[in-house]
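Q: Going down the list, the sequences are from chains A and B. Position one of the first sequence corresponds to residue 55 (the working numbering), numbered consecutively onward. Position one of the second sequence corresponds to residue 55 (the working numbering), numbered consecutively onward. Let me begin by handing over the structure; questions about it come next.
Number of protein chains: 2
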Amino acid sequence: MKPAMSKVKRIEGVLSPVVTPFNRDYAPDAPRFVRHCRWLLKSGCAGLAVFGTNSEANSMSVGEKRKLLEALVAGGVPASALMPGTGHCAISDSIEMTRAAVELGCAGVLMLPPFYYKNVSDEGLYRNFAEVIERVGDERLQLYLYHIPPVSQVAISLALIEKLLSKYPGIVAGVKDSSGNWDNTKAMLDQFAKAGFDVFAGSEEFLLANMRGGGKGCITATGNVNPGAIDKVYRSWRSPDADALQAGITATRRILQKHPMIPALKATVAHFGNDPQWKTCRPPLVELTSAQEETLIRELKAAGFSMPGLAS
Amino acid sequence: MKPAMSKVKRIEGVLSPVVTPFNRDYAPDAPRFVRHCRWLLKSGCAGLAVFGTNSEANSMSVGEKRKLLEALVAGGVPASALMPGTGHCAISDSIEMTRAAVELGCAGVLMLPPFYYKNVSDEGLYRNFAEVIERVGDERLQLYLYHIPPVSQVAISLALIEKLLSKYPGIVAGVKDSSGNWDNTKAMLDQFAKAGFDVFAGSEEFLLANMRGGGKGCITATGNVNPGAIDKVYRSWRSPDADALQAGITATRRILQKHPMIPALKATVAHFGNDPQWKTCRPPLVELTSAQEETLIRELKAAGFSMPGLAS
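If you want it as structure tokens, here you go:
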């Protein structure tokens, strides 16, 4: 393996799984993507988990994602703030995308398990992650496991984490827990946080609890639209008003959660950024209906929600 | 769209979702793949549904699959016998792979719905298939929908078939129903077979019932190892001994089904072809244990199973 001399400092705080803008012909729109990433980093995000579930990452090819990643770095987004998703159902794709991220100097990668086959064994999943690590063969790699069984239908068990962490300490850097099950996040914290394994909640709903339990922040869909308020909870988690701040960001999340999340995020960016093209989703996702969009925006405004500096 | 003058005759009969051989370093092994495909066509298969679920297709990149497909055609496997899987979770990958198949002259393509996002709408799935058809833009395309909810977790509904068939008659050519639910296959036959929509059972267990209901054959995992006997049921479905023949192939399937299907198929090919390298699976799948393999081979032999002409 290449030496770890230039290992990037690990990201802590709020990360956004950045929504991906598409043209009307469904081509990824790199300039809009760069602009949104820059706005997120100015507005409270410590890092950008581009190519996550909320990015429609699995609706894009490896080639499309590599071009977008290169456009970000060329557009002035520091690679040290990037934690791209690099896990695919094809191990060869996971290797290619992970290698590309490491070579660009990304702080880490967030890796789904292979998600086509169901009911696979921990041994099979271990081989997948181990093979990617060995093939990339670069000590700069910092790999965050992505546990999101409601979507992937393939779980990352505590036993799998233990085996990977013991074989690849320093490389296996942490996890995003999007199980929606706090008991699972707590078990990850209790078993692995002291070993230098960074646990990120998969929703800001669990941000305060995660910080109190020894976690490092959250990687959350709504980080795309509400990064400042979520970051405030991250920075204020020891303060007396932390619970009140947490209640505020949870309330905003609830408004968005009444709708399919990805089109709701895109409708919100489109509205507050005054840029309707943002609404486009790639199939199989579809945009919100006009009625859903109207409800969403009305409720966000009634709650005093805004996205300062977004509209150009 | 390009004209349909050179539309290939539709395949009917038994198709095998061909297992893919890998080297010890997990690279696809094109020469072994070509050899197995040629054996299948000599041994009863009317067609080859390469890059299906049993092919570990979603564990391979588009680039790897395109190379294998080109190797098949270069190796003398007629494109008119090929129905490659071309559905990916990324629509850009589905377009690239479908276009490659059509340009090589393949008889058809077998297309999964995009399978990462769950609980998606029929409208979103319609847009996915329609966009692939429009972008490929070639009347030679014959598209078979691949319904396999136990694995993909995303279903192809009767309403979706109706909408696609009405918009793209001639291009939307049929379905493989791997739901395991005969009532669903029967509904597809009843509603669409007369409109020239070719229904293939996803398991030889339903082959006779499918033929009696107006279907065109089956695309089945065990076609990889038992093509002759399954083809005999296909050819003899009107004969008095059809039910007895059907019972025989179902009994063979039952022996294989006691184990994870893909490694069981590979262990069978490895044993009867005297070629242990066939056992390798790509992560996240793992080979059978020695005990499983021993049981499988012993039970197959006890049932009089053989693969004539496989061992070179």
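We put the CB at the ideal spot given by N, CA and C, even for glycine. The model shown is predicted, which means the values in this text are computed figures rather than measured ones.
(1) Where does A/His201 fall in DSSP's three states?
(2) Using C-beta distances below 8 Å, list every residue in its chain close to A/Ser360, excluding the 5 sequence neighbours before and after it, in chain order.
(3) Using the C-alpha atoms, what's the distance from A/Phe183 back to B/Phe76?
(4) If you scan the region 318-360 of chain B from start to end, which runs of the alpha helix (DSSP H) of 4 or more residues do you find wholly inside it?
(5) Can you check whether the CB of B/Thr140 is closer than 9 Å to the CB of B/Ala155?
(6) For A/Phe169, would you say it is in contact with chain B, using Cβ-to-Cβ distances shorter than 9 Å as the test?
(7) Less than 9 Å between the beta carbons of A/Met137 and A/Val104, yes or no?
(8) Can you tell me the Cα-Cα spacing of B/Ser293 and B/Val253, whole angstroms?
(9) Would you say A/Leu339 faces chain C, with C-beta separation under 9 Å as the test?
(10) Tell me, please, whether the CB atom of A/Ser344 is closer than 9 Å to any CB atom in chain B?
(11) Provide the residue(s) that pair with A/Lys230 in DSSP beta bridges, ordered along the chain.
(12) So, for B/Ala133: in the same chain, excluding its five sequence neighbours on each side, which residues have a beta-carbon less than 6 Å away from its beta-carbon?
(13) Please classify B/Lys119 as buried or exposed, where buried requires at least 16 neighbouring CB atoms within 10 angstroms.
(14) Which chain B residues are close to A/Gly178, counting only those with a beta carbon under 7 Å from its beta carbon?
(15) Can you have a look at B/Gly358 and say buried or exposed, based on whether 16 or more other CB atoms are within 10 angstroms of its CB?
(16) B/Arg181 CB to nearest chain A CB: under 9 Å?
(17) Which residue marks the beginning of the beta strand (DSSP E) containing B/Cys272, and which one marks its end?
(18) Taking the alpha-carbon of A/Val68 as reference, which of A/Val279, A/Trp236, A/Thr349 has the nearest alpha-carbon?
(19) In the DSSP assignment, the alpha helix (DSSP H) including B/Met265 goes from what residue to what residue?
(20) Confirm, please, whether the CB-CB distance from B/Pro167 to A/Pro168 is below 9 Å.
(21) For B/Asn112, does the count of other Cβ atoms within 10 angstroms reach 16, so buried, or fall short, so exposed?
(22) Just to confirm, are B/Gly256 and B/Ser290 a CB contact at a threshold of 9 Å?
(23) I need the DSSP call for B/Val163, collapsed to helix, strand or coil.
(24) How would you call B/Pro281, buried or exposed, if buried means at least 16 neighbouring beta carbons within 10 angstroms?
(25) Could you work out which residue in A/Ser220, A/Glu216, A/Pro71 is closest to A/Val163 when comparing CA atoms only?
(26) Give me the Cα-Cα distance between A/Ala241 and A/Glu66, rounded to the nearest whole angstrom.
(27) Touching or not, the region 211-228 of chain A and the region 194-203 of chain A, by the rule of three or more beta carbon pairs under 8 Å?
(28) Assuming B/Ala135 contacts B/Ala84 under a Cβ cut-off of 8 Å, what Cβ separation, rounded to an integer in Å, is found between them?
(29) My understanding is that B/Glu177 touches A/Val205, with C-beta atoms under 8 Å, so please give their C-beta distance in whole angstroms.
(30) How big is the Cα-Cα spacing for A/Leu243 and A/Leu262?
(31) Going residue by residue through the region 56-137 of chain A, where are the continuous beta strand (DSSP E) segments of at least 3 residues, counting only ones entirely within it?
(32) Tell me the rounded alpha-carbon separation between A/Ile316 and A/Cys335.
(33) Hey, does B/Val174 have any beta-carbon neighbour from chain A nearer than 9 Å?
(34) Does DSSP classify B/Pro281 as helix, strand or coil?
(35) In chain A, which residues lie less than 7 Å from B/Gln207 when you measure between Cβ atoms?
A: To lay it out plainly:
(1) strand
(2) Phe326
(3) Answer to the nearest angstrom: the Cα atoms are 18 Å apart.
(4) You should have 344-356.
(5) By the CB criterion at 9 Å, B/Ala155 and B/Thr140 fall inside the cutoff.
(6) yes
(7) For A/Met137 and A/Val104, yes; Cβs fall inside 9 Å.
(8) 21 Å
(9) In the displayed structure, chain C is absent; the protein chains listed are A and B.
(10) no
(11) A/Tyr200, A/Phe254
(12) Once the five neighbours on either side are set aside, the close Cβ partners of B/Ala133 are Val127, Leu158, Gly159, Cys160.
(13) Label assigned to B/Lys119: buried.
(14) Chain order gives the chain B residues near A/Gly178 as Pro337, Pro338, Leu339, Val340, where near means a beta carbon separation below 7 Å.
(15) Note on B/Gly358: under 16 other CB atoms within 10 angstroms of its CB, so exposed under the neighbour-count rule.
(16) yes
(17) 271-273
(18) A/Val279
(19) 261-266
(20) no
(21) buried
(22) For the 9 Å CB-CB criterion, B/Gly256 and B/Ser290 do not form a contact.
(23) strand
(24) buried
(25) A/Pro71
(26) 20 Å
(27) At 8 Å Cβ cutoff, the stretches touch.
(28) With a Cβ gap of about 17 Å, B/Ala135 and B/Ala84 do not count as contacting.
(29) So it is not a contact: roughly 20 Å between Cβ atoms.
(30) 13 Å
(31) The beta strand (DSSP E) runs lying completely inside the region 56-137 of chain A and spanning 3 residues or more are 67-70, given in chain order.
(32) 8 Å
(33) yes
(34) Correct three-state label for B/Pro281: helix.
(35) Contact annotation for B/Gln207 against chain A: Gln207 [CB-CB distance below 7 Å, chain order].
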